[in-house]
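> Handing you this structure, nothing more for now.
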Ligand SMILES: O=C(O)C1=C[C@@H](OP(=O)(O)O)[C@@H](O)[C@H](O)C1
Ligand SMILES: C=C(OP(=O)(O)O)C(=O)O
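Numbering (full-length UniProt numbering), first residue to last: 1 to 428.
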């Protein structure tokens with residue numbers, strides 16, 4: 001039983017596009033729904049997580065028409081959102097859960113929210129605690145630390161908050177709460193995390209200002225409708241870029257991919273490890289940098305990945321770990337304890353999968369140590385129902401000597417439903 005995967009035995013020489021950015025797709029649905037009037041979203045990611053965000057806003061009374069990756073949102077305006085008559089399901093999506101909690105805390109009605117088994121084990125207190133400080137009323141098990149949660153929307157009070165976790169989801173939740181709160185809300189982050197919410201709030205006419213690492217937002221009763229073009233997701237592109245970096249003789253270009261500085265840690269790491277990386281045709285579209293990225297095979301070497309770069313590549317660590325198995329020498333990843341509270345404990349999952357495939361890899365409290373270079377072999381492995389672990393295993397199977405059996409591939413639909421087809425196309 002399971003999904004059987006076989007090695008490729010030849011280089012990849014191709015170009016491709018990847019689907020729209022997951023983080024930006026979520027934010028586009030939320031802000032276009034809050035705006036007054038019709039907005040269009042181009043290149044929206046049709047992954048399950050983003051569909052959960054569409055569903056949540058529809059439950060609040062917003063009309064959202066979807067034709068593939070083209071979306072029309074008939075924004076209702078902040079004051080016209082409606083009380084849902086059933087609990088809202090966030091599925092597997094941490095981003096939907098955290099951002100929606102920030103919004104719902106300040107809307108004048110009652111909402112019950114829940115998620116799947118994985119999401120029900122992920123910490124929500126990181127958003128609930130600061131929201132309670134703003135005056136929110138949120139109830140749930142273990143002091144409202146976990147889903148399911150019940151929210152009785154309140155008029156919130158702006159506040160100043162220094163983020164204790166390096167999390168764009170927490171920052172974004174509090175900015176959305178701040179948009180509805182009385183007075184000013186200031187969020188201070190000591191390490192920059194992805195700033196798509198700030199970029200998009202500006203584009204929609206919110207009253208937001210950024211000074212160094214302090215972001216201040218104040219109450220705004222109306223946002224302007226605005227069309228959003230979603231760039232290709234660099235977190236999805238990372239799987240193919242690493243494939244090109246580890247399959248001898250390969251060269252791959254991913255076109256029109258998002259190159260926001262808060263997301264490009266993977267490019268820095270590929271360069272630092274000695275892969276050949278070229279960026280062309282950079283331009284700004286809908287307030288975000290995009291461009292074409294070409295990675296060509298070169299023997300990579302081990303490196304140290306720690307500190308401020310971690311939030312810039314947090315979702316790419318599973319695929320970076322695979323890259324490190326093919327590097328000469330040791331790679332150390334530190335300061336990435338957040339991996340333990342993702343869709344699964346990604347430190348344990350990556351170490352388990354890659355050791356079964358023949359890598360020399362050890363878990364640490366906040367990361368992992370990988371001793372390269374190892375020849376990978378076939379094995380039976382699990383995706384842990386985590387899309388990024390599943391896609392990493394598929395890429396690993398391209399270079400493993402022998403058959404890799406993956407227990408379940410359905411988790412890939414969370415962020416990249418067409419992943420296997422796109423991979424097949426570039427492997428031809
Ligand atoms: O804001 C976002 O869209 C995201 C932020 C990150 O999570 P954290 O905020 O928990 O670091 C990232 O891991 C997640 O995939 C998407
Ligand atoms: C961690 C992820 O997403 P989320 O937190 O939205 O579930 C991810 O996509 O890797």
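From the three backbone atoms N, C-alpha and C, an ideal C-beta is built for every residue, glycine too. Remember, predicted model here, so these are calculated numbers, not experimental data.
For residue 429, which of helix, strand or coil comes out of DSSP?
Residue numbering for the chain in the displayed model covers 1 to 428; residue 429 lies beyond these limits and cannot be assessed.
> According to the Cβ coordinates, are residue 227 and residue 39 closer than 8 Å?
Contact: yes.
> Would you check if there are 3 or more beta carbon pairs closer than 8 Å linking the stretch 131–145 to the stretch 102–113?
The answer is yes - the stretch 102–113 touches the stretch 131–145, with three or more Cβ pairs under 8 Å.
> Please confirm whether residue 373 and residue 326 have their CB atoms less than 8 Å apart.
Yes, the Cβ-Cβ distance between residue 373 and residue 326 is below 8 Å.
> State yes or no: is the C-beta of residue 268 within less than 8 Å of the C-beta of residue 18?
Their beta carbons are not under 8 Å apart, which means residue 268 does not touch residue 18 by this criterion.
> Would you report the Cα separation of residue 49 and residue 90, rounded to the nearest angstrom?
Straight-line Cα distance between these residues: approximately 8 Å.
> Can you check DSSP and say which residues form a bridge with residue 363?
Beta-bridge pairing links residue 363 to 368.
> For residue 387, does the count of other Cβ atoms within 10 angstroms reach 16, so buried, or fall short, so exposed?
Looking at its Cβ environment, which holds 16 or more other Cβ atoms inside 10 Å, residue 387 is buried.
> Got a sec? Which residues, its chain only, sit under 6 Å from residue 306 by beta carbon, not counting five neighbours each side?
Closer than 6 Å at Cβ, skipping near neighbours: 334 and 335.
> Within the stretch 124–175, note down every full beta strand (DSSP E) run reaching 3 residues or more, in order along the chain.
Counting whole runs of 3 or more residues, the stretch 124–175 contains the beta strand (DSSP E) stretches 137–140, 149–152 and 160–162.
> Grab the span of the beta strand (DSSP E) containing residue 406 for me, first residue to last.
It spans 401–406 - the beta strand (DSSP E) in which residue 406 sits, taken as one unbroken run.
> Please classify residue 458: is it buried, with 16 or more other beta-carbons within 10 angstroms of its beta-carbon, or exposed?
Since the first and last residues shown for the chain are 1 and 428, residue 458 lies out of range.
> Going by Cα to Cα distance, which pick from 330, 362, 33 and 118 is closest to residue 79?
Nearest of 330, 362, 33 and 118 to residue 79, Cα basis: 33.
> Just to confirm the assignment, what range does the alpha helix (DSSP H) spanning residue 1 have?
Premise fails: residue 1 is in no alpha helix (DSSP H) and is neither H nor E.
> What is the C-beta distance between residue 44 and residue 20, in whole angstroms, given that I count them as a contact (C-beta under 8 Å)?
Contact holds; Cβ gap of about 5 Å.
> Is residue 211 buried or exposed, if buried means 16 or more other CB atoms sit within 10 Å of its CB?
Flag for residue 211 reads exposed.
> Taking the Cβ atom as the reference point for each residue, do residue 357 and residue 381 lie within a distance shorter than 8 Å?
Contact flag set, yes.
> How many Å lie between residue 88 and residue 301 at the Cα?
Answer to the nearest angstrom: the Cα atoms are 47 Å apart.
> Pairs of beta-carbons, one from the stretch 141–148 and one from the stretch 162–176, closer than 8 Å: are there three or more?
No, the stretch 141–148 is not in contact with the stretch 162–176.
> Can you tell me whether residue 10 is buried or exposed? The criterion is at least 16 other CB atoms within 10 Å of its CB, across all chains shown.
Classification for residue 10: exposed.
> In three-state terms, what does DSSP make of residue 183?
The answer is coil: DSSP assigns residue 183 none of H, G, I, E or B.
> Would you check if there are 3 or more beta carbon pairs closer than 8 Å linking the stretch 251–261 to the stretch 281–298?
Verdict: yes, contact present.
> Under a three-way DSSP split, which group does residue 419 fall into?
Three-state DSSP puts residue 419 in a helix.
> Excluding the 5 residues flanking residue 187 on each side, which residues of the same chain have their C-beta closer than 6 Å to its C-beta?
Result list for residue 187: 161, 171, 174 and 215, in chain order.
> Once the 5 residues before and after residue 278 are set aside, which same chain residues still bring their CB inside 6 Å of it?
Around residue 278: 294.
> In angstroms with no decimal places, state the Cα-to-Cα distance between residue 427 and residue 296.
Each residue's alpha carbon lies about 15 Å from the other.
> Between residue 95 and ligand 2, is the CB less than 7 Å from at least one heavy atom?
It does: the Cβ of residue 95 is within 7 Å (strictly closer) of some heavy atom of ligand 2.
> Any heavy atom of ligand 2 closer than 7 Å to the CB of residue 421?
No - ligand 2 has no heavy atom lying nearer than 7 Å to the Cβ of residue 421.
> If you measure between the beta carbons of residue 404 and residue 369, is that distance less than 8 Å?
Cβ distance not < 8 Å, so residue 404 and residue 369 don't count as in contact.
> Can you tell me whether residue 219 sits near ligand 2, meaning its C-beta is under 7 Å from at least one heavy atom of the ligand?
No.
> Please go through the stretch 221–292 and give each complete alpha helix (DSSP H) segment of 4 or more residues, from N-terminal end onward.
Fully enclosed alpha helix (DSSP H) runs of 4 or longer: 234–246 and 265–272.
> Is the separation between the beta-carbon of residue 240 and that of residue 252 shorter than 8 Å?
Yes, they are a contact pair.
> Please classify residue 65: is it buried, with 16 or more other beta-carbons within 10 angstroms of its beta-carbon, or exposed?
Label assigned to residue 65: exposed.
> With DSSP as the reference, identify every bridge partner of residue 5, one or two as the case may be.
Answer is 404, bridged to residue 5.
> Residue 92 to residue 118, Cα distance in whole Å?
Distance between the alpha carbons of residue 92 and residue 118: 6 Å.
> Any heavy atom of ligand 2 closer than 7 Å to the CB of residue 92?
Residue 92 Cβ: within cutoff of ligand 2.
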